[in-house]
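Student: Here you go, one structure.
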């Protein structure tokens with residue numbers, strides 16, 4: 001399944017971001033393939049959020065280049081934005097809008113035709129089992145539901161890639177398992193998933209993971225391979241072996 | 252205690268690391284004082300005057316010369332027809348038009364029937380009435396001089412003594428108001444918004460589960476604003492004395508003492524608001540609606556309290572800034588002692604006690 | 620897709636428990652109450668009288684003062700010290716002291732003094748009070764003199780007939796002057812500062828970042844944000860017009876079209892300014908302070924309370940940076956004098972300049988990427 005002959009969706013070469021004299025992301029290079037669940041791991045302050053912000057067009061690269069869905073991040077950020085979905089640790093859903101209104105807003109923004117929005121909203125609510133929450137204000141949903149909704153909204157327009165920044169922060173393990181099932185479904189539909197996380201058990205769910213230390217990618221392989229290479233029983237151990245070399249303080 | 256101090260330190264960091272807020276907090280009083288001190292002058296100067304003069308004789312020329320040399324007026328020029336007056340006023344440049352009757356000097360000398368019309372732009376009533384008063388004085392002075400009237404008999408001469416503010420500086424009236432407003436702004440608005448902010452971001456809960464007592468948390472939040480208020484009080488006083496030339500005729504100690512009481516009242520108000528709201532925007536709007544607006548509108552800072560209609564005048568009694576300003580004027584400008592401000596002192600003290608009790612009670616209730 | 624954004628803004632606007640009420644209630648109450656408060660009429664001056672003479676002349680003088688309409692005689696004190704106490708207690712604003720044997724001195728020596736003391740902490744009130752009193756004394760002089768002249772000879776002193784006339788506001792009503800300016804204040808808040816705070820609050824909650832990864836351009840996002848407030852601005856203005864007419868019978872002499880036209884120019888300028896603030900402020904608290912700072916500065920430089928012409932020269936030069944100055948000027952001119960577009964060329968140029976400047980600055984200072 002993990003053949004390298006598949007289409008490359010994200011490709012980074014020597015991607016670098018400097019803030020003044022501080023190099024947050026230090027010449028990272030990697031490829032992500034279509035339909036893959038790619039885990040982007042690192043301690044706090046390792047530079048993973050910065051890297052992700054560059055890939056999603058939020059932040060300009062200092063040097064190096066990268067393409068997302070075939071578009072160059074430096075010259076075609078607007079095209080990239082049309083083809084990706086994004087979900088951050090802060091919920092970007094509007095608290096004071098109802099569930100269906102949030103879906104309609106983002107669907108509209110991503111150019112889903114007006115006629116399709118309503119039937120697709122119905123289908124989505126049904127899949128989520130949220131039929132009764134259609135008219136609920138987002139602020140009164142439980143946290144786990146909000147995350148599921150945020151993820152569904154992020155992939156509502158069937159993006160090529162979805163970026164997930166710490167998507168499961170703060171929810172209980174059962175809800176996290178539940179959430180990862182949604183991620184598998186999305187990947188099965190051909191959506192590439194690029195997720196940062198610091199839960200090492202979640203890293204096990206990924207097809208491949210990269211581990212960033214001090215702005216550099218120190219390891220990149222499937223969880224099974226990594227455990228073998230580092231002679232570890234869990235991803236947690238792998239991570240700790242690598243993170244030990246860090247000189248950078250968490251922010 | 253140590254724990255408490257660390258906590259106060261944290262609050263200071265919050266404020267001072269926020270560069271913009273710090274700058275504005277420290278600069279606001281300076282700018283406001285300078286604006287008020289120099290711009291809020293109600294004296295009418297340099298009004299542009301247009302003249303319609305069909306006579307052009309020595310009398311009209313004499314009167315016009317009076318206007319030219321007066322500091323109140325600038326003679327802009329002549330117009331050819333009274334029809335032009337309307338259009339001139341519509342451009343909003345001219346404040347007054349002098350319209351002389353025909354054969355002015357001749358008629359004046361022979362029939363005593365010469366007429367000069369003062370057409371003022373009445374949009375701003377105070378300016379208009381002041382302008383006509385000045386113009387009348389100038390014309391009368393010319394008449395007196397040109398006729399060389401002997402010292403008329405039976406002259407009752409008024410001897411005018413302008414108490415406290417002989418040069419009629421506007422700042423004497425406004426500075427106490429600015430003090431009342433700035434202290435209220437910083438204490439009440441800042442405190443309530445910053446506490447609401449911690450509630451909004453959820454950090455308040457984290458603090459509350461810490462071993463600190465809730466009352467200590469509240470006090471620690473308040474201390475920095477108290478401190479900044481004292482700095483601002485000092486700035487305002489120093490500037491008003493050395494830049495605006497305000498006197499401190501009464502006791503400085505008394506002035507500071509009553510200011511501190513006022514600061515307590517304001518802080519307590521801020522706490523009371525923040526105990527009731529969870530969002531910054533709401534805290535802001537409430538502070539603006541129930542604190543700032545009344546202070547600006549009803550305290551007598553800008554608009555005379557005695558002109559307020561009944562209900563509003565009654566409402567003005569519950570505004571702490573009003574009493575504070577009265578006290579400041581009495582101490583600073585009129586140089587009166589404690590006895591004269593006893594009433595204001597008692598009112599402010601009762602307000603302080605009442606508000607502090609209420610806000611502490613409410614806070615405890617909310618937190619437990 | 621901007622349609623969906625505008626839809627969202629309107630939903631949020633109307634769902635807000637506060638905003639729709641503000642838009643309706645604020646202009647209504649402000650136009651109703653503010654003119655009652657912002658009343659600089661130096662109405663009644665409270666006068667304390669010390670009459671040490673108690674002669675027919677002194678009684679006549681007091682009678683003249685009392686009937687002038689400017690003064691309320693609050694007390695007749697026994698001496699200056701007692702009168703000064705009334706000033707210190709704020710029960711009196713001025714003292715008229717008639718010295719003992721005033722009438723006798725006047726008749727014997729042809730001249731006598733009266734003493735006027737005014738509390739000038741409020742410079743305007745004190746100054747006007749003493750000026751009114753002096754002119755009453757002058758009147759009194761003329762009166763007793765003419766009584767005497769008629770007796771002595773018949774020769775008239777050539778008089779000059781000075782006729783004051785107040786255009787546009789013949790009864791010198793203060794409200795008429797303040798109401799147009801109040802409308803502008805509300806407009807500045809609704810059209811400029813509420814949207815700025817709204818943007819900053821999206822910044823704080825992180826939703827703006829979500830918008831940044833969508834295909835929505837900054838321009839679309841901002842325009843969608845401003846539109847409801849522009850609409851609200853016009854609603855506010857219309858309610859203000861109505862309120863001014865219903866409560867005070869005030870209708871503009873000039874045309875509503877001119878007013879609406881300048882309003883759109885002003886809203887464009889002031890919302891541009893709001894955007895500049897929202898770009899620099901990271902938190903609501905910061906934004907509030909910046910807004911407060913600038914709004915106070917702009918208002919005081921605008922001539923709202925005191926005429927720009929009476930400011931010192933440097934302040935007058937500085938006042939050209941206040942957009943409020945020009946729009947308040949326009950509103951007053953159109954409301955009171957019926958000025959038309961050609962008369963208003965200067966404010967038109969100034970406001971257009973502000974609109975270009977602030978919006979240009981807002982675009983330049985916005986960094987979608989960092």
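Protein chains in written order, with this note's numbering: chain A, 1 to 251; chain B, 252 to 619; chain C, 620 to 989. The beta-carbon is built from N, C-alpha and C at its ideal position, and this holds for glycine as well. All values derive from a computational prediction rather than experimental measurement.
1. Quick one: using the 10 Å Cβ neighbour count with 16 as the cut-off for buried, is residue 898 of chain C buried or exposed?
2. How is the beta strand (DSSP E) around residue 452 of chain B delimited, first residue to last?
3. How is the alpha helix (DSSP H) around residue 877 of chain C delimited, first residue to last?
4. By how many angstroms is the C-alpha of residue 71 of chain A removed from the C-alpha of residue 39 of chain A?
5. Can you find a C-beta in chain F that's less than 9 Å from the C-beta of residue 312 of chain B?
6. Assuming residue 416 of chain B contacts residue 748 of chain C under a Cβ cut-off of 8 Å, what Cβ separation, rounded to an integer in Å, is found between them?
7. Just grab the DSSP bridge partners of residue 328 of chain B for me.
8. So what's residue 142 of chain A in DSSP terms, helix, strand or just coil?
9. What residues in the segment 271-289 of chain B have a beta carbon less than 8 Å from any beta carbon of chain C?
10. To the nearest angstrom, how far is the alpha carbon of residue 577 of chain B from that of residue 839 of chain C?
11. Does the Cβ of residue 829 of chain C have 16 or more other Cβ atoms within 10 Å, making it buried, or fewer, making it exposed?
12. Could you check where the beta strand (DSSP E) with residue 670 of chain C kicks off and where it finishes?
13. Name, please, each residue of chain A whose Cβ falls closer than 8 Å to the Cβ of residue 834 of chain C.
14. Once you ignore the five residues that flank residue 309 of chain B on each side, which residues in its own chain have a CB closer than 7 Å to its CB?
15. At a cut-off of 8 Å, would you count residue 264 of chain B as near the ligand SAM, judging by its Cβ distance to the nearest heavy atom?
16. Report yes or no: do three or more beta-carbon pairs, one from the segment 215-223 of chain A and one from the segment 149-165 of chain A, lie closer than 8 Å?
17. Measuring only the C-alpha atoms, how far is residue 919 of chain C from residue 762 of chain C?
18. Which stretch, first to last residue, makes up the beta strand (DSSP E) that contains residue 75 of chain A?
19. For the structure I just gave you, are there three or more beta carbon pairs, one from the segment 947-965 of chain C and one from the segment 585-603 of chain B, closer than 8 Å?
20. Apart from the five residues just before and just after residue 773 of chain C, which ones in its own chain have a Cβ nearer than 8 Å to its Cβ?
21. Using only the alpha-carbon positions, how far apart do residue 680 of chain C and residue 736 of chain C sit?
22. Under a three-way DSSP split, which group does residue 396 of chain B fall into?
23. In chain order, what residues of the same chain lie with their CB nearer than 8 Å to the CB of residue 247 of chain A, ignoring the 5 residues before and after it?
24. Helix, strand or coil: how does DSSP classify residue 497 of chain B here?
25. Closer than 9 Å, CB to CB, is residue 802 of chain C near chain B or not?
26. To which residues does DSSP link residue 67 of chain A through a beta bridge?
27. If contact means a Cβ-Cβ distance below 8 Å, which residues of the segment 543-559 of chain B contact chain C?
28. Could you pull the DSSP bridge partners for residue 350 of chain B from this structure?
29. If contact is defined by three or more beta carbon pairs under 8 Å, each pair taking one atom from either stretch, is the segment 935-955 of chain C in contact with the segment 885-899 of chain C?
30. Can you tell me the Cα-Cα spacing of residue 289 of chain B and residue 859 of chain C, whole angstroms?
31. Compare the C-alpha of residue 128 of chain A against each of A/139, A/105, A/147 and A/13 and name the closest.
32. Flag this pair as yes or no: are the beta carbons of residue 54 of chain A and residue 84 of chain A separated by less than 9 Å?
33. Are any of the Cβ atoms in chain C nearer than 9 Å to that of residue 621 of chain B?
34. Using the C-alpha atoms, what's the distance from residue 183 of chain A back to residue 200 of chain A?
35. Considering residue 345 of chain B, what are the terminal residues of the alpha helix (DSSP H) in which it resides?
Tutor: Let me lay it out:
1. Residue 898 of chain C should be labelled buried.
2. Counting along the chain, residue 452 of chain B falls outside any beta strand (DSSP E), though it belongs to the alpha helix (DSSP H) covering 442-452.
3. 875-899
4. 22 Å
5. Considering every chain present, this structure includes no chain F. Its protein chains are A, B and C.
6. That belief does not hold up - the Cβ atoms of residue 416 of chain B and residue 748 of chain C are roughly 13 Å apart, past 8 Å.
7. B/301
8. coil
9. 271, 272, 275, 276, 278, 279, 282, 283, 286, 287 and 289
10. 52 Å
11. Burial call: buried.
12. 664-670
13. 78, 81, 82, 109, 110 and 111
14. 356
15. In terms of ligand content, the structure shown is empty, and the ligand SAM therefore cannot be addressed.
16. no
17. 44 Å
18. Where residue 75 of chain A is concerned, there is no enclosing beta strand (DSSP E), because DSSP gives it neither an H nor an E.
19. no
20. Confidence at residue 773 of chain C is low in this model, with a pLDDT of 45, below 50, so its placement is unreliable and the value that follows should be read with caution. Excluding positions up to five away in sequence, the list is empty.
21. 16 Å
22. In the structure shown, residue 396 of chain B sits in a helix (DSSP, three-state: H, G or I).
23. For residue 247 of chain A, where only same-chain residues beyond five positions count, the Cβ hits under 8 Å are 214.
24. coil
25. no
26. A/11 and A/72
27. 548, 549, 553, 554, 555, 557, 558 and 559
28. Answer is B/303 and B/368.
29. The segment 885-899 of chain C is in contact with the segment 935-955 of chain C.
30. 32 Å
31. A/147
32. No, they are not a contact pair.
33. This structure cannot speak to residue 621 of chain B, because chain B is shown only from 252 to 619.
34. 16 Å
35. Counting along the chain, residue 345 of chain B falls outside any alpha helix (DSSP H), and DSSP gives it neither H nor E.
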